[in-house]
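Just so you know, the protein sequences line up as chains A and B, in that order.
Residue 132 in the working numbering sits at position 118 of the first sequence; the count goes up by one each step and never skips.
Residue 201 in the working numbering sits at position 177 of the second sequence; the count goes up by one each step and never skips.
Note that CB positions come from ideal geometry on N, CA and C, so glycine has one too.
Values in this document were obtained by computation on a predicted structure and should not be read as measured data.
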Amino acid sequence: MDRQAVALSLRLSLATMIVLLVVTTPLAYWLGRSRRRWKVLVEAVVALPLVLPPTVLGFYVLLAIGPRSPIGRFYRSITGELLPFSFRGLLVASVLYSLPFAVQPMMVAFAQVDARAIEASWMLGEGRLGTFFRTVMPMSLTGIVTAAVLSFAHTLGEFGVVLMVGGNIPGETRTVSISIYDHVQALEYDAAGETALFLLAVSFTVLAVTYSVQRRVWAAWPGP
Amino acid sequence: MRIAAAADLRFALEELLDLYRRDHPGVEASATYGSSGTLFSQLQNEAPFDLYLSADLSYPRALREQGLVAPDGVFPYAVGRIVVWVRDDSPIDVERLGIEALLDPSVRKIAIANPEHAPYGRAAVAALEDFGLYERVRDRSVLGENIAQTAQFVQSGSADVGIIALSLALAPDAGGRYWEIPAERHPPIEQGGAIMRWAADPDAARAFVDLMLGTEGVELLSRYGFEQPR
Chain A
15 MDRQAVALSL RLSLATMIVL LVVTTPLAYW LGRSRRRWKV LVEAVVALPL
65 VLPPTVLGFY VLLAIGPRSP IGRFYRSITG ELLPFSFRGL LVASVLYSLP
115 FAVQPMMVAF AQVDARAIEA SWMLGEGRLG TFFRTVMPMS LTGIVTAAVL
165 SFAHTLGEFG VVLMVGGNIP GETRTVSISI YDHVQALEYD AAGETALFLL
215 AVSFTVLAVT YSVQRRVWAA WPGP
Chain B
25 MRIAAAADLR FALEELLDLY RRDHPGVEAS ATYGSSGTLF SQLQNEAPFD
75 LYLSADLSYP RALREQGLVA PDGVFPYAVG RIVVWVRDDS PIDVERLGIE
125 ALLDPSVRKI AIANPEHAPY GRAAVAALED FGLYERVRDR SVLGENIAQT
175 AQFVQSGSAD VGIIALSLAL APDAGGRYWE IPAERHPPIE QGGAIMRWAA
225 DPDAARAFVD LMLGTEGVEL LSRYGFEQPR
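This is how it looks when you write it as structure tokens:
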């Protein structure tokens with residue numbers, strides 16, 4: 015098994031998960047609780063990576079962050095480096111790729127929080143942030159855990175986007191799925207099989223844990 | 025030192041890298057394989073490779089014209105050959121049938137590399153056209169992303185026969201039987217490389233090129249069926 019690729023994939027998935035939780039929580043809250051009509055457009059944009067082929071997403075990301083793009087030039091002028099074919103570039107691509115997997119479970123969870131609980135918190139003198147952390151978050155924990163686990167697992171399995179943006183560099187952008195693809199082309203079926211089995215086991219475990227967490231909460235909390 | 029290498033080098037280059045690591049234990053050297061065209065487009069986006077080993081000299085030359093190559097960085101290193109290749113257990117007697125093996129009634133799928141971006145795919149199509157067979161086999165052909173994937177299609181049994189690089193057919197673990205397509209049936213596959221302008225360690229890259237073009241390198245490449253450029 016390609017340990018370097020496994021370590022890289024775990025690092026990438028963890029980083030993507032953390033970035034997504036931080037960045038998308040306010041977005042998911044707004045989507046879940048806002049009554050504005052045009053929010054459906056934002057919802058549609060967020061869900062796009064579910065439908066788009068990863069190659070399309072990867073192609074646009076490559077154009078957007080490449081050395082000839084404004085973003086790429088700006089990034090280079092600050093850091094002196096390039097985004098494509100680097101770990102940070104992969105992180106940018108993975109965050110976009112796994113966006114719906116973080117936003118949607120949290121959005122659903124936030125939408126289900128009883129408005130009366132939020133108003134009661136306000137009445138008792140909590141501010142908006144305090145209300146979010148002390149009332150909304152504890153009541154939406156399942157959704158947040160699901161978002162974390164799914165964005166982690168989905169990033170672990172990404173292939174097409176990494177192939178377009180990553181460039182298959184050992185220790186930098188060669189993730190588990192790319193390593194499997196590489197082993198198969200080198201006719202190293204044993205190595206490919208080991209890594210594939212590892213990925214299968216991790217994915218199954220992650221999903222089994224997610225569903226058991228969800229089930230426990232549904233059982234303890236009868237629906238409306 | 026990072027090398028972006030055409031997929032036909034997949035086995036030969038690993039041996040060259042072993043030699044290189046023996047002589048330069050301090051340098052961490054690794055290779056990434058793909059079709060020459062895919063790697064070319066990545067290098068146009070300044071992918072962080074020090075050395076590019078293409079299966080087609082025209083790609084390194086194009087990079088030089090775009091100002092992406094180090095001074096005196098372009099070099100030819102080999103001439104490749106293509107073969108008609110079947111698995112060991114195939115009923116097709118490829119050594120006797122030659123190119124006619126593609127027309128065997130048992131053949132349902134023929135693997136070639138994608139001629140859009142794989143030089144070995146272009147050579148295969150040119151040879152098929154020269155034999156006047158291209159239109160007859162076209163609807164049965166499946167395209168590999170690069171020449172190693174093309175070999176893998178045949179090796180896994182997904183395709184019955186393939187046109188692949190001699191260097192892959194000669195790999196120790198490849199197995200299989202083959203018939204060499206005569207070199208005059210297609211434009212020569214002149215393989216060339218380039219040291220990139222942004223190479224992190226240009227000296228290490230040059231040392232590798234010297235090894236590859238030196239006696240030991242030439243001997244190793246010829247074992248994998250590569251001829252020397254004229």
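Exposure of residue i, with buried meaning 16 or more beta-carbon neighbours within 10 Å
i, result
"A:Phe147", "exposed"
"B:Ile27", "buried"
"B:Thr62", "buried"
"B:Gln179", "buried"
"A:Trp52", "exposed"
"B:Asp74", "buried"
"A:Ile92", "exposed"
"B:Arg34", "buried"
"B:Glu52", "exposed"
"B:Ala224", "exposed"
Cα-Cα separation, residue i to residue j
i, j, result
"A:Val227", "A:Ala123", "14 Å"
"A:Thr187", "A:Val176", "8 Å"
"A:Val54", "A:Gly139", "32 Å"
"A:Ile183", "B:Arg230", "20 Å"
"A:Val106", "B:Val131", "45 Å"
"B:Gly216", "B:Ser246", "16 Å"
"A:Leu221", "A:Val117", "17 Å"
"A:Ala162", "A:Thr219", "14 Å"
"A:Gly180", "A:Arg142", "40 Å"
"A:Leu214", "A:Leu62", "26 Å"
"B:Pro115", "B:Phe177", "17 Å"
"B:Gly181", "A:Phe73", "32 Å"
"B:Ala207", "A:Ala58", "55 Å"
Start and end residues, beta strand (DSSP E) containing residue i
i, result
"A:Ala200", "Premise fails: A:Ala200 is in no beta strand (DSSP E) and is neither H nor E."
"B:Tyr202", "Arg201 to Glu204"
Spatially closest choice to residue i from the options, by CA coordinates
i, options, result
"B:Pro226", "B:Leu37, B:Glu89, B:Asn69 and B:Tyr76", "B:Tyr76"
"B:Leu81", "B:Phe99, B:Gln68, B:Glu89 and B:Ala94", "B:Phe99"
"B:Ser191", "B:Leu167, B:Gly200 and B:Asp184", "B:Gly200"
"A:Gly103", "A:Val117, A:Met121 and A:Leu77", "A:Leu77"
"B:Pro212", "B:Thr56, B:Asp234 and B:Pro253", "B:Pro253"
One or two residues paired with residue i in a DSSP bridge
i, result
"B:Met220", "B:Val93"
"B:Pro100", "B:Gly216"
"B:Thr56", "B:Ala28"
"B:Tyr76", "B:Ala28 and B:Ala218"
"B:Gly168", "B:Ala137"
"B:Trp109", "B:Gly186 and B:Tyr202"
"A:Glu95", "A:Glu95 pairs with nothing; no bridge assigned."
Run of the alpha helix (DSSP H) containing residue i, from where it starts to where it stops
i, result
"B:Arg146", "Pro143 to Asp154"
"A:Ser27", "Arg17 to Arg47"
"B:Ala183", "No alpha helix (DSSP H) contains B:Ala183, which DSSP labels as neither H nor E."
"B:Ala159", "Note on identity: in this sequence residue 159 of chain B is Glu, with Ala being the wrong assignment. Run containing B:Glu159: Tyr158 to Val161, per the alpha helix (DSSP H) assignment."
"B:Phe250", "Premise fails: B:Phe250 is in no alpha helix (DSSP H) and is neither H nor E."
"A:Glu133", "Ala129 to Met137"
"A:Ala167", "Leu155 to Leu170"
Near the ligand ATP: residue i beta-carbon under 7 Å from a heavy atom
i, result
"A:Trp52", "The ligand ATP is absent from the structure shown, which contains no ligands of any kind."
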